[in-house]
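Numbering (the numbering used here), first residue to last: -4 to 57.
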């Protein structure tokens, strides 16, 4: 299970793995947008990334 993390500015975010194949990985990221009033907004980003053992990490797909 993923844990909610916090940036230095206090923004809470969460990453999740949706799909993993031999060459690509699909991930989702959620984060809250802080407001001065009690309103809450949540953003979602879904990204497809290339997974390569030569890169040593997940790179952004062009």
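Note that the Cβ used here is the ideal one computed from N, Cα and C, for glycine as well.
By DSSP's assignment, residue 37 forms a beta bridge with 27.
Going by C-alpha positions, residue 20 is about 11 Å away from residue 11.
DSSP places residue 14 in the strand class (E or B) of the three-state scheme. Excluding the 5 residues flanking it on each side, residue -3 has same chain C-beta neighbours closer than 7 Å at 9, 10, 11, in chain order.
Distances from the CA of residue 4 to each of 46, 45, 26, 34 were compared; the closest alpha carbon is that of 26.
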